[in-house]
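Engineer:
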Amino acid sequence: ITHPATTTHGRLTPQERETAGIREGLVRISVGLETVSDIQRDLERGFQRIAPHFDHSSTGGEATDR
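For the sequence shown, the working numbering gives the first residue as 93, with consecutive numbering after it.
#1: Any idea what DSSP makes of THR94, helix, strand or coil?
#2: In the structure shown, what three-state DSSP assignment does ARG120 receive?
#3: From this set, ARG103, GLU126, GLY102, ILE93, which residue's C-alpha is nearest VAL119's C-alpha?
#4: In whole angstroms, give me the CA-to-CA distance for ARG137 and PRO96.
Put into structure tokens, the structure is as follows:
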């Protein structure tokens, strides 16, 4: 899992990243030989763990300062 805004596209200005569709909340998931069910299970566990840190009532699911 990578965060393109700070890794692969970190050298670009914020405007260049926006033009390229690379927003701050974007993450990239690269998988290998795992089965789909393993990937789904791992992602679900991760989402459950971070869910308390997000305000789901607002549009876009922005992270809160908790």
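Glycine included, C-beta positions come from ideal geometry on N, C-alpha and C.
Structural biologist: Once the coordinates are examined:
#1: Under the three-state reduction of DSSP output, THR94 falls in the strand class.
#2: ARG120: strand per DSSP, three-state reduction.
#3: With distances taken between Cα atoms, VAL119 lies closest to ILE93.
#4: Their backbone Cα atoms lie some 22 Å apart in a straight line.
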